[in-house]
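Q:
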Amino acid sequence: MQPKTLGSALKLMVAAAAISAAIKYGGPYLALPKTLPVMVTMIASPAVVMAALLWRWQQRSSLSPTLKDLQGSPPTAGLKDLD
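With the first letter of the sequence shown counted as 1, position 26 gets the number 33 in the numbering used here; the numbers rise by one all the way through.
(1) At a cut of 8 Å, does the stretch 10-26 reach the stretch 51-64 through at least three beta carbon pairs?
(2) Starting from GLN9, trace the alpha helix (DSSP H) both ways and give me its first and last residue.
(3) Classify THR48 as helix, strand or coil using the three-state DSSP reduction.
(4) Confirm, please, whether the CB-CB distance from LEU60 to ALA22 is below 8 Å.
(5) How about VAL45 and LEU39: do their beta carbons lie closer than 8 Å?
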């Protein structure tokens, strides 16, 4: 694994652990009503936060492909003169 990839994976694990700890230890101190919309928000928010962080890291990362990389060159392999 490349050092840059390893660093990104480590950042992701630390962020996930921090969110988990915040929910586990900070959740009981919140005086929230026990209704369905509140519960759904609490369940979905870690996934939404992590998705946003991953998207942001992908946009800033030099490891993500650029539009030029995705377009590539026209396929010429296998085309030979028929003469």
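By construction, the Cβ of each residue, glycine as well, lies at the ideal position given by its N, Cα and C atoms.
A: This is what the structure holds:
(1) The answer is yes - the stretch 51-64 touches the stretch 10-26, with three or more Cβ pairs under 8 Å.
(2) That residue, GLN9, is in no alpha helix (DSSP H); it is neither H nor E in DSSP.
(3) THR48 falls in the helix class under three-state DSSP.
(4) It is a contact, given that the beta carbons lie within the stated cut-off.
(5) The Cβ atoms of VAL45 and LEU39 lie closer than 8 Å to each other.
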